[in-house]
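One structure below.
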Amino acid sequence: MAADTLKSTTGAGGGAAAVRRLLLDNGALTALIVLLIAMSALSGDFLTTDNLLNVGVQAAVTAILAFGVTFVIVSAGIDLSVGSVAALSATVLAWSATSHGVPVVLAVVLAVATGIAAGLVNGFLIAYGKLPPFIATLAMLSVARGLSLVISEGSPIAFPDSVSHLGDTLGGWLPVPVLVMVVMGLIAAFVLGRTYIGRSMYAIGGNEEAARLSGLRVKKQKLAIYALSGVFAAAAGIVLASRLSSAQPQAADGYELDAIAAVVIGGASLAGGTGKASGTLIGALILAVLRNGLNLLSVSAFWQQVVIGVVIALAVLLDTVRRKAGATPVAAGTGGGGKGRQAVTYGLAAVVTVAVVGATSFLHSGSSSTSNPKVGLALSTLNNPFFVQIQSGAKAEAKKLGVDLTVTDAQNDASQQANQLQNFTSSGYDAIIVNPVDSDAAGPAVRAADKAEIPVVAVDRGVNKATTNTLVASDNVAGGELAAKTVAEKLGGTGKIVILQGQAGTSAARERAEGFAKGLKAFPGIQVLAQQPADFDRTKGLDVMSNLLQAHPDVQGVIAANDEMALGAIKALGSKAGKSVQVVGFDGTPDGMTAVTNGTLYASVAQQPSELGRIAVDNALKAFQGKKVAEMVKVPVKVVTKENVSDFAG
């Protein structure tokens, strides 16, 4: 292996010093062992074969991305574009294979070529354009994500069945994503330790000027390094889309940060010159174990972000302590005994882990399970008042019925939600309630729950290509039609309006937009000046509406796909809101109802989210008890205006 291990410059200082040195030089491995022991002790559901395989699957995409990022960081660069490139590559594969009839093998080649092309552009801008890596890859992050949305038109594209098998299992138990992760890890280790370009990475990261003066073609090597990162990003995108059975244009959003974190936690230095594939794998496993364990312990997703941030900071701090303690990098090709010592260290770590984890399992062997039914609620996001109200209604009903309810937040990430659903299934929950980020992407995880004979209730949005016991929902399309009709009638059937759309690629955004279009067909006198996405976010609603006002100061009405964007639009409109410009929102959130009362928001199409949550828990318990439930429970939507807002309970 090239310069990726550390050797102390000080002499032996006794047994305590040797142990201290061992821990310092293998900080990531030590952290992983401690985490495994802690999670095994805290949760009886952690140490099961199914759950440990879940951890491997959940680490796979991050690890594959991180292997590619390792090349870049070892060479003292950074790549912020890998998440977007992964989404773009998967989108190209699905789009070419399903929409244009390209043979699947050729479509896979096109996807990999897309990753290479994106990497080459990054490398060219950095090596020849002299752009800082941060800026060049930040630009590619935006370009690749935008192209993914353009190609897919903002909607998920079904993945070819022959490629979707990458998300399946071999022999009914061994997940293919784990195998792909191992293969890509071995390739990364080979490139770093046994190839000319690998040695070049360490040389460039250690001292770029010295590498150039020694005859190394630094610019060409950087092209190759970023192209390699693109290849691994494409592979990660294909594996991710295979797990979700669809290419999501918003997939892997923010995964570049997880990939960089995995590399840093694994012992690489952001200053360059050090790093190894095995360390990166350990870093990815640490993140996966943390998320999996915290989910099992019902820790809030918000606190999970805090914990992961602390872990990253501690990883960097450990690197600093290690260097101050006298550890120095071993030069490439030296330290022949290092690999033997490393193998012994890993072997010893495995033995200790198995022994201690095995011992902790006795803590749970005699414990009796709770008498209360366990129900998991997987929400698409809690960064939106509508879904917070669903959670509130669900918790209130669970308390009333004596149900132990665990709530998870997918943060609008279909892959993260798939992980959370897998955790519920492997932990043997009595019932699962899912509010899908995307109806297609939730399908594989729900099918796994069906196979385990766990009843599943969908809330607000349905699940495609899987069986659910019931769907508790309002009709988004019908609600969209109501919103369009409400604003059109308020304007007297004629006028100029703009539409603020939801997050591209989500089913709620598509369905509500479809409803708006249907509703406006009955009012030919209504002119739509512009339609722009504001991602269901109040701040973006404010910004987008401010921009639209510059081009269309004569606007008379606004339809927003949720109350948050409507409230942002009201802020941008100022004194015009509720007077010369009528705004209609969607969801019936508390802030929206306050704005309706104040007259700045003319109306909101209210879905009664608390009622959705209450009915979902009630039906989940009935399904678990074997009672008959309706195939679909519709919670009526209604238009709430100033005249009837006092009657709306939410």
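First residue of the sequence shown: 2, per my numbering; consecutive thereafter. Just so it is clear, CB atoms sit at the ideal spot from N, CA and C, and this is done for glycine as well.
Quick check on the burial criterion: 16 or more other C-beta atoms within 10 angstroms. Buried or exposed for residue i?
{"i": "I136", "result": "exposed"}
{"i": "T495", "result": "exposed"}
{"i": "V488", "result": "buried"}
{"i": "R218", "result": "exposed"}
{"i": "Y227", "result": "buried"}
{"i": "Q222", "result": "buried"}
{"i": "T50", "result": "exposed"}
{"i": "E482", "result": "buried"}
{"i": "S149", "result": "buried"}
{"i": "Q59", "result": "buried"}
{"i": "P176", "result": "buried"}
{"i": "A269", "result": "buried"}
{"i": "N373", "result": "exposed"}
{"i": "V460", "result": "buried"}
{"i": "A607", "result": "buried"}
{"i": "P386", "result": "buried"}
{"i": "E398", "result": "buried"}
{"i": "F233", "result": "buried"}
Going by DSSP in three states, residue i sits in which element: helix, strand or coil?
{"i": "F524", "result": "coil"}
{"i": "S368", "result": "The predicted model places S368 with a pLDDT of 47, which falls under 50 and marks its position as unreliable, so this point remains unresolved."}
{"i": "T329", "result": "A caution first: T329 carries a pLDDT of 47, below 50, which makes its placement in the model unreliable, though a value can still be read off. Reduced to three states, the DSSP call for T329 is strand."}
{"i": "T540", "result": "helix"}
{"i": "K8", "result": "Caution applies to K8, whose pLDDT of 46 falls short of 50 and renders its modelled position unreliable; the value that the coordinates give is listed next. Three-state result, K8: strand."}
{"i": "V73", "result": "helix"}
{"i": "A285", "result": "helix"}
{"i": "L175", "result": "strand"}
{"i": "L409", "result": "The sequence as given places Thr at residue 409; Leu does not occur at that position. Strand."}
{"i": "P104", "result": "coil"}
{"i": "A91", "result": "helix"}
{"i": "L214", "result": "helix"}
{"i": "F587", "result": "strand"}
{"i": "T471", "result": "strand"}
{"i": "T196", "result": "coil"}
{"i": "S416", "result": "helix"}
{"i": "L433", "result": "What sits at residue 433 in the sequence shown is Ile, not Leu. In the structure shown, I433 sits in a strand (DSSP, three-state: E or B)."}
{"i": "I158", "result": "strand"}
{"i": "G336", "result": "Per-residue confidence for G336 stands at a pLDDT of 42, beneath the threshold of 50, marking its modelled position as unreliable; the derived number appears in the next sentence. G336 falls in the coil class under three-state DSSP."}
{"i": "Q533", "result": "strand"}
{"i": "S440", "result": "coil"}
{"i": "G516", "result": "helix"}
Go through its chain and collect everything with a Cβ distance to residue i's Cβ below 6 Å, but skip five positions before and after it.
{"i": "S547", "result": "A573"}
{"i": "V630", "result": "N470, T471, N620, K623, A624"}
{"i": "A237", "result": "V62, I65, L66, A87"}
{"i": "R146", "result": "S85"}
{"i": "K541", "result": "A535"}
{"i": "F524", "result": "A489, G494"}
{"i": "L543", "result": "G569, K572, A573"}
What does a CB cutoff of less than 7 Å around residue i pick up in its chain, not counting 5 residues either side in sequence?
{"i": "A189", "result": "F68, T71, A278"}
{"i": "G334", "result": "At G334 the pLDDT is 42, less than 50, meaning the model places this residue with poor confidence; the figure from the coordinates comes in the next sentence. Answer for G334: no residue qualifies."}
{"i": "L297", "result": "S44, D46, F47, N424, S428"}
{"i": "K643", "result": "V597, T598, G600"}
{"i": "A617", "result": "A395, I434, V458, V460, V473"}
{"i": "S299", "result": "T407"}
{"i": "T426", "result": "A449, A450, A453, I455"}
Ignore the nearest five residues each way along the sequence and tell me which others in residue i's own chain have a CB closer than 8 Å to its CB.
{"i": "L139", "result": "L81, S82"}
{"i": "L602", "result": "D564, A567, L568, I571, A578, G579, V584, V585, G586, G593, A596"}
{"i": "S581", "result": "Q557"}
{"i": "F125", "result": "L224"}
{"i": "V192", "result": "F72, I198, G199, L229"}
{"i": "G294", "result": "L36, A39, M40, L43, S44, F47"}
{"i": "L107", "result": "S97"}
Which residue's Cα is closest to the Cα of residue i: the options?
{"i": "Y203", "options": "A234, L271, N424, R146", "result": "L271"}
{"i": "D410", "options": "S428, L402, G394, F388", "result": "F388"}
{"i": "V641", "options": "E515, T590, A285", "result": "T590"}
{"i": "A1", "options": "S230, N477, G284, N384", "result": "No information on residue 1 is available, as it lies outside the stretch 2 to 651 that the chain covers here."}
{"i": "I266", "options": "Q251, G284, G255, E257", "result": "G284"}
{"i": "A509", "options": "V317, F233, D441, V457", "result": "D441"}
{"i": "I79", "options": "A29, T92, A118, L142", "result": "L142"}
{"i": "I117", "options": "P104, S165, L132, V93", "result": "V93"}
{"i": "V636", "options": "A518, Q609, S647, Y430", "result": "Q609"}
Exercise. Counting Cβ pairs closer than 8 Å, one from the stretch 557-577 and one from the stretch 492-511, do we hit at least three?
Worked result: yes
message = Does the stretch 258-275 come into contact with the stretch 195-215, if we say contact requires no fewer than three beta-carbon pairs (one atom in each stretch) closer than 8 Å?
response = yes
>> Across the stretch 90-107 and the stretch 158-170, are there enough close Cβ pairs to call them in contact, namely three or more that are closer than 8 Å?
In response: yes
Taking one C-beta from the stretch 238-248 and one from the stretch 413-421 each time, how about it: are there three or more such pairs within less than 8 Å?
yes
query = Contact between the stretch 602-618 and the stretch 386-402: three or more CB pairs below 8 Å?
reply = yes
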